[in-house]
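One structure below.
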Amino acid sequence: MKSGKVLLGVLAGAAVGAIAGILFAPDKGSRTRKQIMDKSEDYAEGLKEKFEDMTTNLTKKYSNAMQEVDSLVAKGKNKYNQAMHEVDQLVTNGKNKIMDQKNENV
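Each residue of the sequence shown is one higher than the one before, counting from 0 in numbering that gives the first Met the number 0.
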């Protein structure tokens, strides 16, 4: 976000500088207004492109983060299932040992 603020500040400064330069240059009013409009359109287009780039970048980062979350969830489920299988085996082994002990005592 810091670089976005810096970029916005640079663009705003450039726009103000360009407008000030045009306003103080000796030219006809209609020509000056046209130059201001042209420059403002250029800056608006540049800002739009930067915004689209930022949006695309954020979308990619979000997508990557969601893939990572999905991967971690899948790994967690797998580990849970493995642990439950081991618990089931331990319970079965324990029951078998108890049954063996009972059979030996009879």
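Just so you know, even glycine gets a beta-carbon here, dropped at the ideal spot from N, CA and C.
Rounded to whole angstroms, A11 and V5 show a C-alpha spacing of 10 angstroms.
For A64 and I18, the gap between their C-alpha atoms comes out near 42 angstroms. Closest in alpha carbon position to L46, among K101, N104 and G8, is G8. Rounded to whole angstroms, E48 and M83 show a C-alpha spacing of 52 angstroms. Across the structure, V68 and K74 are spaced so that their CA atoms are roughly 10 angstroms apart.
In the structure shown, K33 falls within a helical segment according to DSSP collapsed to helix, strand and coil.
DSSP, read as helix, strand or coil, puts K4 in helix. The DSSP-derived three-state label of K27 is coil.
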